[in-house]
Structures are given as C-alpha cells and as structure tokens.
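Contents: one structure, followed by commentary.
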Amino acid sequence: MPTLTKLKTRKMARKKYEPWGFKLKVKRSSAGLGLFADEPIPKGACIIEYIGRVISEAEQYTSNSKYLFEINTKITIDGATRANTARYINHSCRPNAEVELYRQRVFILARRQIKPDEEITYDYGKEYWDEHIGPKGCRCLKCQEKKK
C-alpha cells in the first residue's frame with residue numbers, strides 16, 4: 818500500500834507535467850519553421866507535450882519520418898502528426914527549454930523565463946548532432962551569430 822507521502826509525490830509529479838496552456842505560434846525562424854511564445858513563459862513551466870504515434874524499434878528503422886523522438890531502445894514517438902505542435906521546436910546549442918521524460922511521455926519545460934515572440938528551443942543531443950548536423954554545422958541562431 819503506497820504511503821501518503823508517495824501518493825503526494827506522484828500527484829506533484831503529474832502536476833509538473835501538465836502543459837500550462839500557453840499561447841504559442843508557429844512562424845519562420847533561422848532554421849525554417851519554429852515554435853514561438855506568444856506570452857511570457859516562466860522558468861520551470863511545462864510548455865507542451867511532444868505527441869504522436871508510439872512505434873517500435875523495428876518501425877523506427879524503416880520510418881521516413883523526420884519527427885522521431887526516441888524514448889528508449891524499444892519505444893519511439895513519431896511526432897509527424899500536425900496535431901503535434903511541439904514538432905516545430907528547433908535545436909539550439911544554448912536552449913531556453915529542455916526535455917523531460919515522464920512515464921514514456923515527452924514534455925518540454927522552460928529552462929528559464931521565455932519572453933513573448935522568443936523562439937522555443939532545446940538541445941537535440943549528441944546523437945542527433947552526429948547523425949544529422951555534423952560537418953554542415955549548426956544552424957541555430959546562437960551558432961549563426963558566432964560565425965558572423
């Protein structure tokens with residue numbers, strides 16, 4: 818039987834991962850289309866959930882989708898559905914958001930206060946860098962500023 822403390826902890830964890838319903842908009846960015854805040858987002862807030870069809874490891878390797886989010890070696894989310902607004906979040910080497918996994922679901926949380934009209938970004942990670950960015954170089958706004 819779970820203790821009262823464990824039940825409270827579970828309830829708090831579930832609350833942490835409830836998107837707060839921020840107004841967001843998709844528009845042009847330095848990397849194509851991006852997801853932007855339409856209102857201030859406080860540090861620590863759950864911005865949005867990355868949603869889609871859950872696929873197996875085998876399906877992942879035969880998929881042509883550009884929106885695969887690997888949760889673990891057996892489960893991947895195919896976020897290609899247009900209902901997945903989080904798919905427009907671009908990579909940045911200095912992101913203002915971060916990914917947190919909770920019960921095989923993917924949530925995007927604010928690492929710091931995000932201002933209205935600021936693009937929401939997170940670091941896609943080393944594996945993505947090695948497979949997709951590599952020698953072409955990063956196109957995030959921070960890296961483009963460094964190259965000037």
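Sequential numbering from 818 applies to the sequence shown in this note's numbering.
Cβ coordinates follow ideal geometry from the N, Cα and C atoms, glycine included.
For clarity, every value in this text was computed on a predicted model and none was experimentally measured.
- Message: Alpha carbons only, please: which of G896, E874, E887, S847 is nearest the one belonging to L918?
- Response: Within the sequence shown, residue 918 is the residue found at index 101, counting from 1. Ranking the options by Cα distance to L918, first place goes to E887.
- Message: I'd like to know whether the C-beta atoms of E915 and T893 end up nearer to each other than 9 Å.
- Response: Counting from one through the sequence shown, the residue named residue 915 turns up at place 98. Counting from one through the sequence shown, the residue named residue 893 turns up at place 76. No, they are not a contact pair.
- Message: For Y867 and D947, what's the separation of their Cα atoms in angstroms?
- Response: Along the sequence shown, read from residue 1 onward, the residue named residue 867 stands at position 50. Along the sequence shown, read from residue 1 onward, the residue named residue 947 stands at position 130. One C-alpha to the other measures close to 22 Å.
- Which residue comes first and which comes last in the alpha helix (DSSP H) that contains E876? By one-based count along the sequence shown, residue 876 stands at place 59. It spans 874–879 - the alpha helix (DSSP H) in which E876 sits, taken as one unbroken run.
- Query: If you run the structure through DSSP and keep just helix, strand and coil, what is K943?
  - Reply: As a working mapping, residue 943 is identified with position 126 in the sequence shown. The three-state secondary structure of K943, taken from DSSP, is helix.
- Query: Does the Cβ-Cβ distance between F839 and D934 come in under 9 Å?
  - Reply: Locating residue 839 in the sequence shown gives position 22, where the first residue counts as 1. Locating residue 934 in the sequence shown gives position 117, where the first residue counts as 1. For F839 and D934, no; Cβs fall outside 9 Å.
- Query: Taking Cβ positions, are I865 and P912 nearer each other than 9 Å?
  - Reply: Locating residue 865 in the sequence shown gives position 48, where the first residue counts as 1. Locating residue 912 in the sequence shown gives position 95, where the first residue counts as 1. Cβ atoms of I865 and P912: not closer than 9 Å.
- Task: Return yes when the Cβ of A927 is within less than 9 Å of the Cβ of K860, no when it is not.
- Result: Position 43 of the sequence shown holds residue 860. Position 110 of the sequence shown holds residue 927. Yes, the pair counts as a contact, with Cβ atoms nearer than the cut-off.
- Task: Keeping to the same chain, check which residues put their C-beta closer than 8 Å to that of K891; ignore five residues upstream and five downstream.
- Result: Position 74 of the sequence shown, counted from the first residue, corresponds to residue 891. Correct list, in chain order: S873, E874.
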